[in-house]
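Numbering (this note's numbering), first residue to last: 0 to 189. Glycine included, C-beta positions come from ideal geometry on N, C-alpha and C. The structure appears right after this line, and notes come after that.
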């Protein structure tokens, strides 16, 4: 199939447009998916940071409270050894056990909050896996566009002799003029 220079130039322009479209599609897909990945990782870090800092603060308060309760128990024990007032010791111990139970409940809440961070709806690894999976899915579209580009280039490449040349050679041969030239070509090649 013979193409004119003008039609070949137009077809190349269309192929270049397809190539630009491929690059733009890849950029947009990356940008959109990278944004989603960034959002997922940022959310994961934000939730983890808040829970970790809150639990650290709560644990520090618990440790301080435990130290204070230990001092209360030691004071109550010294006081009991001096006055043998069992009712007073019992009241202090009930108060301490009430505080211990309160701390256990607080610790359970901390553990529960940390558990949500340790077992999130979507971990950072899962976010990256989803990103990679999405890119792989998009790669199918990119490959299709790339095939269209290659096919367009292949269609534009015409390595066949122009039909006019073939027609001219046939005409010369049909008229018998090829015999005149044949002898001349044989002489020159010797």
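Exposure of residue i, with buried meaning 16 or more beta-carbon neighbours within 10 Å
i           : result
residue 60  : exposed
residue 173 : exposed
residue 131 : exposed
residue 63  : exposed
residue 1   : With a pLDDT of only 49 at residue 1, under the threshold of 50, the placement of this residue in the model should not be trusted, and no figure is reported.
residue 126 : buried
residue 138 : exposed
residue 218 : The chain is shown from 0 up to 189; residue 218 falls before or after that span and cannot be answered.
Short Cβ contact (9 Å threshold) for residue i with residue j
i           : j           : result
residue 91  : residue 72  : yes
residue 157 : residue 168 : no
residue 109 : residue 75  : no
residue 39  : residue 129 : yes
residue 134 : residue 32  : yes
residue 28  : residue 141 : yes
Cβ distance (whole Å) where residue i is taken to contact residue j below 8 Å
i           : j          : result
residue 113 : residue 50 : 6 Å
residue 155 : residue 10 : 5 Å
residue 144 : residue 24 : 7 Å
residue 102 : residue 65 : 7 Å
residue 68  : residue 93 : Contact doesn't hold; Cβ gap of about 12 Å is too wide.
Does the count of Cβ pairs from the segment 145–163 and the segment 2–19 closer than 8 Å reach three?
-> yes
Completely contained alpha helix (DSSP H) runs for the segment 10–84, where each covers 4 or more residues = none
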